[in-house]
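In what follows, a structure is listed as C-alpha cells, so that the remarks can point back to it.
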Amino acid sequence: MIKMSHISKTFGTLNVLSDINLTIQEKEIVAIIGPSGSGKTTLLRCINLLEMPTTGSVTVGSVTFNADGNRSNETITAIRKQIGMVFQNFHLFPHLSVLDNLTYAPIHVLKTPPEAAKNKAIQLLDRVGLKDKASAFPAQLSGGQKQRVAIARALAMEPNIMLFDEPTSSLDPEMVKEVLDVMKELTHNHMTMVVVTHEMRFAEAAASRLLFMDQGRIIEDTSPKAFFTKPKTKRAQEFLSRLV
Amino acid sequence: MFHFDLILPSIPYIISGVGITLQYTLVSVCCGLILGSILALFKISSSRILRGIANGYTSIFRGTPLLLQLGIIYFALPNVLGVTLPPFLAGILTFSLNSGAYISEILRAGIGSVDAGQKEACLSLNIPRHKAMKDIILPQAIRNTLPSLVNEVIDLLKESALISIIGETDLLRRANIVAAEKYLYLEPLLIAGACYYIMVLGLASLAKLLEKRLKVT
C-alpha cells in the first residue's frame, strides 16, 4: 500500500530523515512515536508529499513518486488522492460552515453533485458525533470538535489511507478522548492509518504496529506490545523511562 | 458670523453632489478591488514576468500624483489616441487604476498573513491552486485586511473631489460654485465638509459592523 525507499530529507544543512525504508500494508494501523525533532512529522508529510523527499521514492497504491525521476504534478495528485490528512492544528476553513468544510473538496475536486456531497457530509458528521453542528462555523467549536470535523473532512474525500499528525497535541486534556474514540472507530473500518502521536495509550491500544524514531531514523519497528514491555534499543528504553 | 441664510436655496444643490461623489467612489472601489486582486495574484506568482508587471504598475501608480494621472487620462489621452473619454469614465478609470495599485499591496500582504496550514489543507485535499486561492485563501486575506481596505475606500471617497478639475459637479465642486456665486466661502464649504465627514463616519461604522460579523463566523 505504501512503500518508501531510501527516503532522505534535508533542510539546508539539517538532515531530518536519513535513508528511511518502510513498507506499510493495507489495513495496518501504524503509530510513529519518538522524541521531538526525530523526524516523525516529516516522515508522515513525505507520504503525501506535503514535504518533498530530497532523495528516494514513495509508492502509494500503484503510483510512484521519485525524488530524482517522476515528480510530475499528476503523480503528486494521484498519490494525494488516495490519502486523507489530519493536522495538529486542524486547519479547518474558518470562513466556511462545518458542512461547507466537508462538501467543498468533494464538490470542487471529485465533482460530486452538491446534494449527494451534502448527504455524505451529514452522514460523516453523524459518525463523528457532530451532526447538530453542520451549520456552525469552526470558531464556534471546541478543539476536540474541530478535530473531529477535520477527520470527517478528510474522510469525505474517500481516501484509502489516513495520516494523522499529532492529532491530539493541541487539545485540552479532556478533549483528547473524543478524538481518539473517533480514530479508534476508524480502525474498525479497515482503513490504513499512520499516526504520529504522543498518546502512548492510544499507540498501545489501537495500533497494530509501532515505529520508534530517533535522529531521522526508524530505530525500532515492532508491535506495540513488544515495544512497551521490552524495548530493544537503549534510546527507546530511555524515552519510555522518562514518560510519566 | 455665519450666514447660512444667504445660501439656503442652494443647500439642496450642494448636498445632491453626495450622489455623484458616492457613485465615483463605489464604482472605482469595485473595479479597484478586481484589478487589485489580479495584481496581487501576479505579485505572488512564480512567473518573474507577471511579478515584474505588477510591481512596475504599482510603482508607477503609487509614485505619481493622482491629479497628474487624471490629467493624462482626461486631457492628454485625446491628443495621443484621438479618443475623448466623458468625464465620468475618465474619472472612474483613473481612480480604479490608482486604487488597484494600492489595493494590490494590501491584498498581497493579506494573502501572506493567511496561515500556511490553510494551503496545506488545500493541498492534502487536492484542491487545485486557483480554486484554493479564490475560495479559501483570498476570502480570508480580504477579511484580515478589512481595516486597511476600508481606509483605502475612505481615501478614495475624499480624493474623488479631484474630479472637479475635469468639470464634474461633485460635492466639492458644487460648494465652490455656490461660493463663487454668493461671494461666501465658509458656509458652502462647511456644508460640503459635513457631508464628507458624515459619509466617512458611515463607512467606518459599516466597516466596524462588518468586521464584527466576520469575527463571529
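Chains as they are written, first to last, in our numbering: chain D, 4 to 247; chain F, 1084 to 1300.
By construction, the Cβ of each residue, glycine as well, lies at the ideal position given by its N, Cα and C atoms.
Taking only three categories from DSSP, how would you classify R130(D)? In the three-state scheme derived from DSSP, where H, G and I count as helix and E and B as strand, R130(D) is classed as helix.
Proximity to I154(D) [Cα-Cα], best of Q28(D), T16(D) and L102(D): Closest option to I154(D), Cα to Cα, is L102(D).
My output table needs one value for D1253(F): the three-state DSSP class, helix, strand or coil. D1253(F): coil per DSSP, three-state reduction.
So is S1207(F) in contact with chain D if we call contact Cβ pairs under 8 Å? Closer than 8 Å: yes.
Inter-residue spacing [alpha-carbon to alpha-carbon] between F96(D) and M1216(F): Going by the C-alpha atoms only, they are around 12 Å apart.
Under 8 Å, do P162(D) and G87(D) count as touching if we go by C-beta distance? Taking the C-beta atoms as reference points, G87(D) is found nearer than 8 Å to P162(D).
Span of the alpha helix (DSSP H) holding R151(D)? Its alpha helix (DSSP H) spans residues G146 to L158.
Give me the chain D residues within the contact set of S1224(F), using Cβ-Cβ distance strictly less than 8 Å, ordered along the chain. Correcting the residue identity first, residue 1224(F) is Ala in this sequence and not Ser. Residues of chain D passing the Cβ test: none, with the nearest at roughly 11 Å.
Just the C-alpha distance for L1149(F) and N1181(F), rounded to the nearest angstrom, thanks. In a straight line, the C-alpha of L1149(F) is about 7 Å away from that of N1181(F).
The beta strand (DSSP E) with T200(D) in it runs from where to where? Counting along the chain, T200(D) falls outside any beta strand (DSSP E), and DSSP gives it neither H nor E.
I want to know whether the segment 70 to 81 of chain D touches the segment 15 to 33 of chain D - three or more CB-CB distances under 8 Å. No contact exists between the segment 70 to 81 of chain D and the segment 15 to 33 of chain D.
First and last residue of the beta strand (DSSP E) that includes V66(D)? Where V66(D) is concerned, the enclosing beta strand (DSSP E) stretches over V66 to N69.
Give the straight-line distance between the Cα atoms of I1194(F) and P116(D), rounded to the nearest whole angstrom. Looking at the backbone, the Cα of I1194(F) and that of P116(D) are separated by about 30 Å.
Taking C-alpha atoms, which residue in V1110(F), E1188(F) and L1091(F) lies nearest to A1224(F)? Here the closest residue by C-alpha is E1188(F).
Cross-chain neighbours of R204(D) in chain F, by beta carbon under 9 Å: Residues of chain F passing the Cβ test: none, with the nearest at roughly 27 Å.
Do you know offhand how far A1192(F)'s Cα is from L1221(F)'s? For the pair A1192(F) and L1221(F), the Cα-to-Cα distance works out to about 11 Å.
Determine the burial state of P1211(F): buried for a count of at least 16 other Cβ atoms within 10 Å of its Cβ, exposed for fewer. Exposed, because fewer than 16 other Cβ atoms sit within 10 Å of the Cβ of P1211(F).
At what residues does the beta strand (DSSP E) containing K6(D) begin and finish? Run containing K6(D): I5 to F14, per the beta strand (DSSP E) assignment.
For R83(D), return the contacting residues in chain F, with the cut-off set at a CB-CB distance below 9 Å. L1206, S1207, L1208 and N1209, listed in chain order.
Same chain, Cβ closer than 6 Å to N69(D), five either side skipped, listed in chain order: Counting only Cβ-Cβ distances below 6 Å, and skipping sequence neighbours, we find S60.
Alpha carbon of A1244(F) to alpha carbon of L1293(F), nearest angstrom: A direct Cα-to-Cα measurement between A1244(F) and L1293(F) gives close to 26 Å.
Within 8 Å (strictly less), CB to CB, does Q1201(F) reach chain D? It does; some Cβ of chain D falls within 8 Å.
Looking at the secondary structure, which residues open and close the alpha helix (DSSP H) in which G1200(F) lies? According to the DSSP assignment, G1200(F) belongs to the alpha helix (DSSP H) that extends over A1199 to S1207.
Using beta-carbon positions only, say whether D199(D) and I50(D) come within less than 8 Å of one another. This sequence places Val at residue 199(D); Asp is not what is there. It is not a contact, given that the beta carbons lie outside the stated cut-off.
Helix, strand or coil for V1261(F)? Go by DSSP, reduced to three states. Three-state result, V1261(F): helix.
So for E77(D), helix, strand or coil by DSSP? E77(D) falls in the helix class under three-state DSSP.
State the CB to CB distance for the pair M196(D) and S41(D), rounded to an integer number of angstroms; the pair is presumed to be in contact (CB under 8 Å). Incorrect: roughly 20 Å between the Cβ atoms, too far for contact.
Give the range of the alpha helix (DSSP H) segment to which D103(D) is assigned. That run of the alpha helix (DSSP H) goes V101 to H111.
Assuming G1119(F) and I1219(F) are in contact, meaning their beta carbons sit under 8 Å apart, how far apart are those beta carbons, in whole angstroms? For a cut-off of 8 Å, the C-beta gap from G1119(F) to I1219(F) is around 19 Å, too long to register as a contact.
CB contact flag (G1174(F), E1242(F), <8 Å): Taking 8 Å as the Cβ cut-off, G1174(F) and E1242(F) do not qualify as a contacting pair.
Determine the closest residue to M4(D) out of V131(D), V66(D) and A108(D), with distance taken between C-alpha atoms. Put simply, of V131(D), V66(D) and A108(D) the residue whose alpha carbon is nearest the alpha carbon of M4(D) is V66(D).
Taking all protein chains shown into account, decide if C1205(F) is buried (16 or more other Cβ within 10 angstroms of its Cβ) or exposed. When all chains shown are included, C1205(F) counts as buried.
Between which two residues does the alpha helix (DSSP H) holding M55(D) run? M55(D) -> no alpha helix (DSSP H), and no H or E assigned at all.
Let me check one thing: in DSSP terms, what residues is T26(D) bridge-paired to? K6(D).
Assuming the contact rule is C-beta atoms closer than 8 Å, H1086(F) and E1264(F) should be a hit. Round their C-beta distance to whole Å, please. Wrong, their Cβ atoms sit about 14 Å apart, outside the cutoff.
Q85(D): buried (16+ other C-beta within 10 angstroms of its C-beta) or exposed? When all chains shown are included, Q85(D) counts as buried.
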